[in-house]
Structure formats: C-alpha cells, structure tokens
Amino acid sequence: SVAKRAVPEAAQHDKVPRPVGFVPPPPPCPGRIRYFDI
Amino acid sequence: VPAAPPAPLGCDDPESEAAAEVALNYINGQSHHGYKFALNRIEDIRVVPQGPNNDIIFLELDLLETTCPILSPTPLANCTVRSFAEHAVEGDCDVKLQKVDGILSVLASKCHSHADSSEDIRKVCPDCPLLARMNDTEVLETVSAALNDYNSKTTDSYLRLLEIGRAKIQYHPGHVVVTEFAVGATNCSAQEAKANVGACQLLPEDQSNFGFCTAVMVKAPSQDLQVDCQLYGHQVPAPDIPLLSWPGVTYAHPGQDTS
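Those sequence lines, one after another, are chains A and B.
The opening residue of the first sequence carries number 530 in this note's numbering; numbering runs sequentially from there.
The opening residue of the second sequence carries number 55 in this note's numbering; numbering runs sequentially from there.
Encoded structure:
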C-alpha cells in the first residue's frame, strides 16, 4: 500500500523582502507590441 | 575563474531593436510584391557567440502590413500600419544575422504572411468589409474597368497592371468593390495603345516608371467608378530618414549575404 505523506511548505524565512515601489523587470521575450496583437 | 557569460538579450533591448531594424530593412528590400511591412513585436532573440566580437543572431519577428506599396519611394518610417479593422495582414519572419565588430548583416531570412481571421474582424467590427480573393471575378472586373477608365482619360503613358495588392467587397448597405493595384508605365501613349496595345512594352524597371492605383466601384444602389492613380515618377521623393543610431552599433547595407 502507498502512504500519502504530508509535504512541508517551503520555508518562508529565506524570501528577500522587496523594497517599497519595486517593479519586477519585464520578461526578456517576447517584446512589447508596437501596434496591436493579432 | 572564467568570466560569467553575458546576460541573454531581452527582446526590447536596444541591441535587439537594432538587429530587428536591419532585418526589417533587408526583408522589405528583398520583397517585390505587396506592401512594406513594419515591426510589431520581437518575438524572440538568440545570440550564439562565434568568437571575439563575432556573434550569430537568430531573430523571430512579428510584422504588420503597412499602406505603402513595396515599390513606393516612401520611407518605411512614414508608412502607416493598416488598422485591425482594415483586415490586417501579419508577417512572421525568422532571420539569421551576423554581427562582426559591431556590424550587422543578414545571412538568411524566411517569412510567411497571412491575413487575420475573418472571425476576429467580425468580433470587433461586424460591418467591416473583409479581404476578397485576388482572383475574385468582381475584383478582376473592377481592376480592369478602373485601368481602362484611367487610360482613357490620361495623356501620359499607357499603364499596365503589375499586380493586385488587396481588394475588399462590401455587400451592405451598398455593393462596393475596393481594389488597390500596382501599375507600370509603358512606352506607348494612351492613344498609341488604342491602335495596338500588344506593342506596348513596360518601361525599364525603374521606380519612377511604377505607380499605384486605388479604385472604388459602387455597383448598388447606383453604379459609379472612381479611380485614383499615383505614379512614383511624378512625385517629389521623400528624403530618406537615416537609420536610428544605437550606441556601439554600426549598420551595414544588407542584401549581399543572403543564403
């Protein structure tokens, strides 16, 4: 028989706090749409 | 300790946009049909280093059709991208470039263009006329009638059809056929062509001997035909706008390295 084990949640204490007003960088690709999306 | 590899280029980085501009000029320069294309989006970029100051760049570009015929002397920067409601045409291109000592050149390109789906247009604009097939009988009739009409009224060279660029047919509220087509000047006057049109030959392939016409044929409720032709030899050429300068990037004229 297979026993289901509980998986512990990832530790939260290692997350680096983001400064106020931080805007994550845009994904490198694809780039911006200049006119419209088809 | 070896130096860490440089961060991959983003699609909106100045270097990527410079490469896309070189690629776009190359693509438009190689094309002899339809309309000029403008850059809508850089889909992807991959840089494969070949050695010091020598990179191969693979670009994926999303282009949009403009209103400028490919033979038009209007610089791309002055061309208007067709709106979505005009039944836009998109171009997908894969381009391979080389960058040696900062100089970009195109090695190869492969493009595929297609019109947006009718369903997409209908969702946004239910009454907008859709692109018609180039070999549609009504389209061919309109082009023929328009060219005959223009030639019967002009005292300049007799014009011959080069290609139909696009056509739209509207059925409601009226029945209207709109066509756009490229023309070439011949060595005949319109009067000479009446006597023997078969003897009229296209003038040498020079931009000044080409032109572009728009025809609107109203078939219902009442019949009407309007033709407007612009010959490129009869207009003041717009000055070429210099390529944008990006820091550290020099441009080469593309076109000699196609594989």
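Glycine is no exception: its CB is placed at the ideal position from the N, C-alpha and C atoms.
| query | result |
| --- | --- |
| Please tell me whether ALA142 of chain B and ASP181 of chain B are closer than 7 Å, where the distance is taken between their beta carbons. | no |
| How should ARG563 of chain A be labelled, buried or exposed, when 16 other C-beta atoms within 10 angstroms of its C-beta is the threshold for buried? | exposed |
| Is ILE218 of chain B helix, strand or coil when you go by DSSP? | strand |
| Less than 7 Å between the C-beta atoms of VAL149 of chain B and SER167 of chain B, yes or no? | no |
| Is SER70 of chain B buried or exposed, if buried means 16 or more other CB atoms sit within 10 Å of its CB? | buried |
| Please compile the residues from chain A whose C-beta is within a distance smaller than 8 Å of the C-beta of GLU246 of chain B. | Residues of chain A passing the Cβ test: none, with the nearest at roughly 45 Å. |
| Kindly indicate if chain B contains any beta-carbon less than 7 Å away from that of PRO548 of chain A. | no |
| Counting only runs that start and end within the segment 161–223 of chain B, where is the alpha helix (DSSP H) found for 4 or more residues in a row? | 172–178, 191–207 |
| Is it buried or exposed, GLU119 of chain B, if we count other Cβ atoms within 10 angstroms and call 16 or more buried? | buried |
| What whole-angstrom Cβ distance do VAL237 of chain B and LEU216 of chain B have, given they're in contact under 8 Å? | 6 Å |
| Which same chain residues end up closer than 8 Å to LEU63 of chain B when comparing Cβ atoms and leaving out the 5 residues on each side of it in sequence? | GLU69, SER70, ILE99, VAL101 |
| Which of helix, strand or coil does DSSP assign to PRO531 of chain A? | For the record, residue 531 of chain A in the displayed sequence is Val; it is not Pro. VAL531 of chain A falls in the coil class under three-state DSSP. |
| Please list the segments of the beta strand (DSSP E) lying wholly inside the segment 97–147 of chain B, counting only runs of 3 or more residues, in order along the chain. | 108–123 |
| Here's a check: name, in chain order, each residue in its chain whose Cβ is nearer than 6 Å to the Cβ of SER211 of chain B, leaving out the five neighbours to either side. | ALA239, THR240 |
| Name the chain A residues that come within less than 7 Å of PHE138 of chain B, Cβ to Cβ? | PHE565 |
| When DSSP builds the beta bridges, which residues end up paired with LEU151 of chain B? | B:ILE111, B:VAL160 |
| Just to confirm the assignment, what range does the beta strand (DSSP E) spanning SER243 of chain B have? | 229–243 |
| Quick check on VAL552 of chain A: buried or exposed, where buried means 16 or more other Cβ atoms within 10 Å of its Cβ? | exposed |
| Whole-angstrom Cβ separation of ARG214 of chain B and LEU256 of chain B, contact assumed at under 8 Å? | 6 Å |
| Does PRO291 of chain B have its Cβ less than 7 Å from a Cβ in chain A? | Low confidence applies to PRO291 of chain B: its pLDDT is 45, below 50, so where it sits in the model is not reliable enough to give any reading. |
| State the DSSP-derived secondary structure class of GLN10 of chain B, mapped to helix, strand or coil. | Absent from the structure is residue 10 of chain B, since the part of chain B shown begins at 55 and ends at 313. |
| Within a Cβ cutoff of 6 Å, which residues of the same chain sit near ALA274 of chain B, ignoring the five residues on either side of it in sequence? | GLY228, HIS229 |
| Report yes if the C-beta distance between GLY560 of chain A and ARG95 of chain B is below 7 Å; otherwise report no. | yes |
| Name the chain B residues that come within less than 7 Å of PRO559 of chain A, Cβ to Cβ? | CYS65, ARG95, ILE96, GLU97, ASP98 |
| Between which two residues does the alpha helix (DSSP H) carrying ASN79 of chain B extend? | 68–84 |
| Looking at ILE111 of chain B: is its Cβ nearer than 7 Å to the Cβ of GLN104 of chain B? | no |
| Against chain A, with Cβ distances strictly below 7 Å, would ASP210 of chain B count as a contact? | no |
| Nearest-angstrom Cα distance between ASN79 of chain B and LYS248 of chain B? | 41 Å |
| Please confirm whether GLU69 of chain B has its beta-carbon closer than 7 Å to some beta-carbon of chain A. | no |
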